[in-house]
Amino acid sequence: MQTALRWDPRVLEPVFKELYSLAMKDKKDYIPLLYNVTDSNKSMESYEGIGGEGLMEEWGKSNNQVFYEDIDELWQKIIKNRKFSQGRIIERDFIDDLKLTEIKRRIASLADAVYKTQQFQAVEFLNNAFATTGPNWRGRTDKYVGPDGKALCAADHPYSPTNSTDVQSNLGSDPLTLDSWDKTAVAMQEWVDDKGNTMAVIPDTLIVAPYNARAAFKIAGLPDSELPKYEPGSNNFDANMYMGNINVIVDPFINPKQRKNWFAADSARLKELNIWQNRRKVENGSITDFDSEATKHKAVGRWGYGFLNYSFIYGHKVE
């Protein structure tokens, strides 16, 4: 780079792209842990909510023929793809004088900005889980109301658009302990669908901020560890039935003001109901300006994100 770098767009762009790629290389991406990451080919995607599947019928009870049952429609969710951008300007004098450290710093800071933007966006559903409006990744107020008109975590989710009398809760306020996890896991497994049948939710994931990491791993155990599977704090060597069966996600991008909050999730349902759709993955490129003798390096992408239904998660808002 020291000998080849010169004021030539054919030279600068591949160098900048390589610096950008290197800056991104070792950054941990939490988005695949929290979302169903899909591709989108439209300006927006529409997701149709569907109700419970019902249960099979005995052959003789259906007049000795196949029993057909309608699946009711739930709420529709539209996720719009938005366009995001960030850029850096590098003066020609930096190139001529081979100010390599400053050039690298500016491109690396662009990569950091792209990375942090997406990671902060990815936890908006957690930071705003208990309200229908709240701050987005830049601190501006945005809407986070679910398709059923409720916050993601609420005490009164209606069964269906035609049944708002029957409700169920995915909202708690307990600090994270083995007992509160146990109570939450049982509550999730008792959820029913719009037909009144058990949803068969399997809470197998614990999502926390770094503040609760220690408590989370006491409950779930350490990955690949052969530690005794006892309940944390037990003097009677009671077996911890959850150890080794819970995946812990410690996300440092959760707002520190909400560090005590924690979430139980069903990972399979999460992958169905929490959507991150890429319309145009982030692209970076350069252009040189004749008059200002500066090169502009940009990063631009289009994507959208949102949840289709609350039934993949249970949140505790802890004061």
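My numbering puts the sequence shown at residues -3 to 315.
Think of the CB as a built atom: it goes at the ideal place given N, C-alpha and C, for glycine as much as any other residue.
Predicted model, so just to flag it, every value in this text is computed and none were measured.
If you ignore the 5 residues before and after GLY281, its C-beta comes within less than 8 Å of the C-beta of GLU9, LYS13, HIS293, LYS294, all in its own chain and listed in chain order. Between ASN274 and ASP108 the beta-carbon gap is near 20 Å, outside 8 Å, which marks them as no contact. Just measuring C-alpha positions, the residue of ALA127, GLY145, ASP144 sitting nearest ASP138 is ALA127.
Taking C-beta separations shorter than 6 Å and ignoring five residues to either side along the sequence, the partners of SER160 in its chain run PRO154, following chain order. MET195 is positioned such that its CB atom lies closer than 8 Å to that of VAL188.
Counting of Cβ neighbours within 10 angstroms places SER105 among the exposed residues, the total staying below 16. LYS73: member of the beta strand (DSSP E) spanning 69 to 76, first to last residue.
Going by DSSP, PRO28 is part of the alpha helix (DSSP H) stretching over 27 to 30. Cβ neighbours of ASP152 within its own chain (closer than 6 Å, five residues either side excluded): VAL163. In this chain, ASP170 is not harboured by any alpha helix (DSSP H), its DSSP state being neither H nor E. Taking 8 Å as the upper bound for CB-CB distance, SER156 and GLY47 are in contact here, some 6 Å apart. When Cβ pairs closer than 8 Å are counted between the two stretches, the segment 26 to 44 is seen to touch the segment 61 to 78, the count reaching three or more.
TYR310 carries a strand assignment under DSSP once its states are collapsed to helix, strand and coil. As computed with DSSP, LYS139 is found in a beta bridge with THR129. Taking a contact to require three or more Cβ pairs closer than 8 Å, the segment 252 to 260 and the segment 197 to 217 qualify as touching. Counting every other CB atom within 10 Å of its CB across the protein chains shown gives PHE63 a total below 16, marking it as exposed. Here DSSP, grouped into helix, strand and coil, assigns TRP187 to coil. As a beta-bridge residue in DSSP terms, ALA261 pairs with THR201, ILE309.
With contacts defined as CB atoms closer than 8 Å, ILE198 and ALA216 fail to qualify as a contacting pair. DSSP links ARG84 through a beta bridge to HIS293.
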